[in-house]
Amino acid sequence: MKILAIESSCDETAAAIVENGTNILSNVVISQIDIFAEYGGVIPEVAARSHLEAIMPVVHKALQDARSDWGDIDAIAVTHTPGLLGSLLVGTLTARTLAILHNKPFYAVHHLKSHIYANWLETPNQDQPKFPVLSLVISGGHTQILYMKAHNHFEIIGTSHDDAVGECFDKVAKILGLPYPGGPSIAKVAQNGDRKKYQFPHPKVENLDFSFSGLKTAVLRRVQKELGLPISFPSHELASKLTEKQVADFAASFEQTAIEILLEKLKLAQTIYPAESIVIAGGVSANTLLRKTAKKQFEHVSFPKPEFSGDNAAMVGAACYYEIESGVQPSDPYHLNILPRSEIK
Ligand code: KG4
Ligand code: ZN
Numbered sequence: 015m016k017i018l019a020i021e022s023s024c025d026e027t028a029a030a031i032v033e034n035g036t037n038i039l040s041n042v043v044i045s046q047i048d049i050f051a052e053y054g055g056v057i058p059e060v061a062a063r064s065h066l067e068a069i070m071p072v073v074h075k076a077l078q079d080a081r082s083d084w085g086d087i088d089a090i091a092v093t094h095t096p097g098l099l100g101s102l103l104v105g106t107l108t109a110r111t112l113a114i115l116h117n118k119p120f121y122a123v124h125h126l127k128s129h130i131y132a133n134w135l136e137t138p139n140q141d142q143p144k145f146p147v148l149s150l151v152i153s154g155g156h157t158q159i160l161y162m163k164a165h166n167h168f169e170i171i172g173t174s175h176d177d178a179v180g181e182c183f184d185k186v187a188k189i190l191g192l193p194y195p196g197g198p199s200i201a202k203v204a205q206n207g208d209r210k211k212y213q214f215p216h217p218k219v220e221n222l223d224f225s226f227s228g229l230k231t232a233v234l235r236r237v238q239k240e241l242g243l244p245i246s247f248p249s250h251e252l253a254s255k256l257t258e259k260q261v262a263d264f265a266a267s268f269e270q271t272a273i274e275i276l277l278e279k280l281k282l283a284q285t286i287y288p289a290e291s292i293v294i295a296g297g298v299s300a301n302t303l304l305r306k307t308a309k310k311q312f313e314h315v316s317f318p319k320p321e322f323s324g325d326n327a328a329m330v331g332a333a334c335y336y337e338i339e340s341g342v343q344p345s346d347p348y349h350l351n352i353l354p355r356s357e358i359k
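Per this note's numbering: the sequence shown = residues 15 to 359.
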């Protein structure tokens with residue numbers, strides 16, 4: 015089964031053709047990172063406008079790269095939740111129109127499901143995660159632990175009470191004067207830093223939940239203290255006063271703490287929800303130190319190939335395939351609504 019998938023929930027315009035949930039025939043991603051690096055973050059109206067310009071060329075390129083035409087496509091899938099309202103609208107309206115025009119079954123897919131299913135992409139059967147699966151989803155908008163007894167079965171067993179871990183990377187990068195997106199910037203300079211130089215407390219959150227807003231504030235306060243400045247000093251002026259060495263040490267100590275917090279909770283989850291496989295997914299799962307540390311601490315842990323950690327449409331095609339296999343019925347392309355916020359079901 016060949017699925018044409020479309021993703022536009024944040025600042026990547028993407029289309030892909032995926033066969034049987036794993037085999038990628040094409041995968042086109044146009045990123046708006048260059049635009050938003052200048053602003054230091056995503057501006058929703060600008061993102062929506064860029065999606066509008068890119069979406070049809072991206073869909074056509076996906077068909078072209080796969081040497082396919084509409085007759086080869088068995089279904090159309092699109093991310094309809096969660097994400098930026100305008101961005102989601104561009105992708106879903108395009109997918110709805112194409113489904114009607116070409117008379118294809120139409121599926122609306124949850125973005126976090128897609129991140130999880132990135133772990134099935136280009137993975138032979140024998141290496142695919144085995145159920146029950148424990149999944150840690152770490153992105154710019156979410157930090158959750160999910161328990162999957164079977165395909166397309168999700169139980170949220172832990173979630174962040176405030177900021178997502180990716181958001182925390184982005185905010186700490188801003189404090190340190192590092193470019194957007196903060197995750198890769200922090201990881202890069204942290205390579206030259208001392209991971210033990212600064213100690214940041216781990217949040218005391220009950221059960222399997224997370225909190226990351228305190229860690230961001232702890233970094234801010236420590237930077238102010240290091241520079242001998244009061245807490246009233248504007249945070250956007252701090253970075254220019256830090257030396258390269260201080261920035262590297264802060265980045266390394268922060269990255270270390272964030273990873274410890276994530277993996278401690280995953281360890282705890284494993285004691286309560288025994289699993290055959292651990293699956294880590296979402297933009298932050300690209301982090302090299304996290305990958306190394308998790309592989310040391312967990313058996314049977316899988317990550318997406320690094321190019322599938324961030325937003326892309328191939329993962330939407332994978333998630334859609336396993337929805338269809340699990341008996342999910344198509345959505346009505348004339349009536350599907352977007353949902354900027356919603357939990358995985
Ligand atoms: O999944 P994603 O591409 O978009 C959302 O669904 O949110 O995740 C984006 C997040 C950003 O916060 C970005 O800073 C973070 O993933 N990220 C990383 C790395 N690469 C991207 N965080 C830590 N280390 C990385 N190497
Ligand atoms: Zn994402």
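Just so you know, even glycine gets a beta-carbon here, dropped at the ideal spot from N, CA and C.
Ordered along the chain, which non-local residues of its own chain (more than five positions away) have a Cβ less than 6 Å from that of residue i?
| i | result |
| --- | --- |
| Gly55 | Tyr194 |
| Lys185 | Lys230 |
| Ala187 | Gly196, Ser199, Ile200 |
| Leu102 | Ser23, Ile352 |
| Arg355 | Pro96 |
| Lys359 | none |
| Leu241 | Lys255 |
| Phe224 | Thr157, Ser174 |
| Ser45 | Glu26 |
| Ser64 | Gln46 |
| Asp177 | Phe226, Ser227 |
Starting from residue i, follow the alpha helix (DSSP H) in both directions and report where the run begins and ends.
| i | result |
| --- | --- |
| Lys306 | 302-311 |
| Ile17 | Counting along the chain, Ile17 falls outside any alpha helix (DSSP H), though it belongs to the beta strand (DSSP E) covering 16-21. |
| Tyr53 | 47-53 |
| Gln78 | 58-79 |
Between the Cα of residue i and those of the options, spot the shortest distance and give me the residue it belongs to.
| i | options | result |
| --- | --- | --- |
| Val237 | Gly228, Leu252, Leu229 | Leu252 |
| Phe360 | Glu313, Glu290, Thr257, Pro215 | Outside the modelled stretch of the chain, which goes from 15 to 359, sits residue 360, for which no answer is possible. |
| Ile49 | Glu21, Leu77, Glu59 | Glu59 |
| Ile294 | Ser128, Phe226, Ala327 | Ser128 |
| Asn326 | Arg63, Val43, Ala76 | Val43 |
| Thr271 | Glu52, Pro217, Phe247, Gln311 | Pro217 |
| Asn221 | His65, Ala204, Ile159, Glu33 | Ile159 |
| Met15 | Leu350, Val73, Gln213, Glu337 | Glu337 |
| Ala30 | Val342, Val330, Glu357 | Val330 |
| Asn41 | Gly191, Val73, Ile170, His65 | Val73 |
| Ala89 | Leu115, Gly100, Leu18, Ala80 | Leu18 |
| Ala51 | Ala265, Leu192, Gln205 | Leu192 |
| Val179 | Gly207, Gly155, His165 | Gly155 |
| Val298 | Ile273, Tyr287, Leu282 | Ile273 |
| Leu282 | Asp79, Phe312, Val203 | Phe312 |
| Thr285 | Val261, Tyr53, Ile87, Tyr161 | Tyr161 |
| Ala328 | Ala265, Leu77, Phe264, Cys182 | Leu77 |
| Ala266 | Lys210, Ile114, Ile87 | Lys210 |
| Lys202 | Ala262, Lys163, Asp86 | Ala262 |
| Gly100 | Lys118, Ile69, Ala62 | Ala62 |
| Ala113 | Thr257, Trp84, Leu126 | Trp84 |
| Lys259 | Ala204, His94, Asn139, Asp176 | Ala204 |
| Thr93 | Ala122, Thr111, Glu33, Arg110 | Ala122 |
| Val32 | Thr137, Phe317, Gln213, Phe183 | Thr137 |
| Phe264 | Lys239, Leu280, Gly207, Pro71 | Gly207 |
| Ala68 | His167, Thr111, Glu21, His116 | Glu21 |
Just checking my contact of residue i with residue j at CB under 8 Å: how many whole Å lie between their CB atoms?
| i | j | result |
| --- | --- | --- |
| Ser249 | Ile189 | 6 Å |
| Leu107 | Ile38 | 25 Å between Cβ atoms; not a contact. |
| Gly296 | Ser82 | That belief does not hold up - the Cβ atoms of Gly296 and Ser82 are roughly 29 Å apart, past 8 Å. |
| Ala289 | Leu148 | 4 Å |
| Phe120 | Pro347 | 4 Å |
| Gly35 | Tyr335 | 3 Å |
| Thr307 | Leu277 | 6 Å |
| Ile171 | Val151 | 12 Å between Cβ atoms; not a contact. |
| His165 | Ser345 | Going by Cβ atoms, the distance from His165 to Ser345 rounds to 19 Å, so no, they are not a contact pair. |
| Pro318 | Asn133 | 5 Å |
By the DSSP assignment, the beta strand (DSSP E) with residue i in it spans what residues?
| i | result |
| --- | --- |
| Gly172 | 169-173 |
| Ile31 | 26-33 |
| Thr157 | 157-162 |
Among the residues of its own chain, which have a CB less than 7 Å from the CB of residue i, if the five just before and after it don't count?
| i | result |
| --- | --- |
| His314 | Glu290, Ser291, Ile292 |
| Lys118 | Ile87, Ala89, Ile90 |
| Asp79 | Ser40, Val42 |
| His125 | Ser23, Thr93, Thr95, Pro96, Gly97 |
So, at 8 Å on beta carbons, what are the nonlocal neighbours of residue i in its own chain, with the 5 sequence-adjacent residues on each side left out?
| i | result |
| --- | --- |
| Pro320 | Ala300 |
| Glu357 | Ile170 |
Is residue i near the ligand GTP, going by C-beta to nearest heavy atom under 7 Å?
| i | result |
| --- | --- |
| Glu181 | The ligand GTP is not among the ligands present in this structure, which contains only the ligand KG4 and the ligand ZN. |
Output the residue ranges of the beta strand (DSSP E) runs that lie fully inside the region 93-154 and measure 3 residues or longer, sorted by chain position. 120-124, 147-152
- Tell me the start and end of each unbroken alpha helix (DSSP H) in the region 188-253 that is at least 4 residues and wholly inside, in chain order. 196-204, 227-240
I'd like the ranges of any beta strand (DSSP E) spanning at least 3 consecutive residues and lying wholly in the region 268-339. 291-295
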